[in-house]
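Residue numbers (the numbering used here): 364 to 556. Using N, Cα and C, we set each Cβ at its ideal position, and we do this for glycine too. For clarity, every value in this text was computed on a predicted model and none was experimentally measured. A short write-up of the structure that comes next.
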């Protein structure tokens with residue numbers, strides 16, 4: 364690994380051990396085995412490094428797990444694949460518990476910093492595009508507008524359910540309940556606006 368990758372790994376390690384608020388640049392550099400100056404060189408600031416490490420960590424943890432479910436359910440009707448995905452989200456959240464907590468902590472922190480907030484917004488857009496690509500590979504029959512709409516719905520649901528899971532893990536709706544709601548709304552017809 365190079366210094367950049369070492370810093371990302373070191374940041375993830377320190378964040379998961381201590382939390383975002385207590386992760387210092389010095390601790391991250393020590394965990395990565397690089398100089399303190401490497402943070403500025405590769406990321407500009409500790410805050411940007413923390414955001415990058417968390418985005419990558421959640422993308423590889425939660426994102427990869429979601430992709431596996433989407434691939435696994437590609438032969439099912441779309442609504443059944445959707446239900447299965449959201450039935451599995453509690454176990455996916457549990458497997459990524461510390462990263463989910465750190466991501467929430469980081470989101471609150473960066474919301475007060477315009478530059479860091481923009482970096483997080485950019486990462487959010489990349490996450491959405493990643494879901495589109497996963498869906499496109501699993502469901503090549505869907506048109507671009509449907510892929511985009513489904514990816515946005517899944518992204519919003521994962522974000523909000525992740526927060527709800529942190530607060531009250533037993534209160535998440537089931538995948539079948541969410542699928543039933545989507546089907547009921549769709550049965551009313553397409554939007555008129």
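Please say whether residue j and residue i have beta carbons closer to each other than 7 Å?
| i | j | result |
| --- | --- | --- |
| residue 499 | residue 516 | no |
| residue 469 | residue 425 | no |
| residue 471 | residue 430 | no |
| residue 418 | residue 486 | yes |
Taking all protein chains shown into account, decide if residue i is buried (16 or more other Cβ within 10 angstroms of its Cβ) or exposed.
| i | result |
| --- | --- |
| residue 492 | exposed |
| residue 533 | exposed |
| residue 411 | buried |
| residue 538 | buried |
| residue 397 | buried |
| residue 542 | buried |
| residue 446 | buried |
| residue 548 | exposed |
Check the C-beta distance from residue i over to residue j and give it rounded, since I have them as a contact under 8 Å.
| i | j | result |
| --- | --- | --- |
| residue 379 | residue 461 | 5 Å |
| residue 377 | residue 400 | Their Cβ separation, rounded to whole angstroms, is 17 Å, which puts residue 377 and residue 400 out of contact at 8 Å. |
| residue 545 | residue 514 | Between residue 514 and residue 545 the Cβ distance is about 14 Å, and since that is not below 8 Å, they are no contact. |
| residue 467 | residue 415 | Not really, about 17 Å apart at Cβ, beyond 8 Å. |
| residue 464 | residue 391 | No, residue 464 and residue 391 are not in contact; Cβ-Cβ is about 18 Å, not under 8 Å. |
| residue 527 | residue 535 | 6 Å |
| residue 518 | residue 490 | 6 Å |
Between the segment 444-452 and the segment 385-397, can you find at least three pairs of beta-carbon atoms closer than 8 Å?
no
Is the segment 544-552 touching the segment 467-483 in the sense that three or more CB pairs, one from each, lie closer than 8 Å?
no
Would the segment 402-410 count as touching the segment 427-435 if we require 3 or more Cβ pairs under 8 Å?
no
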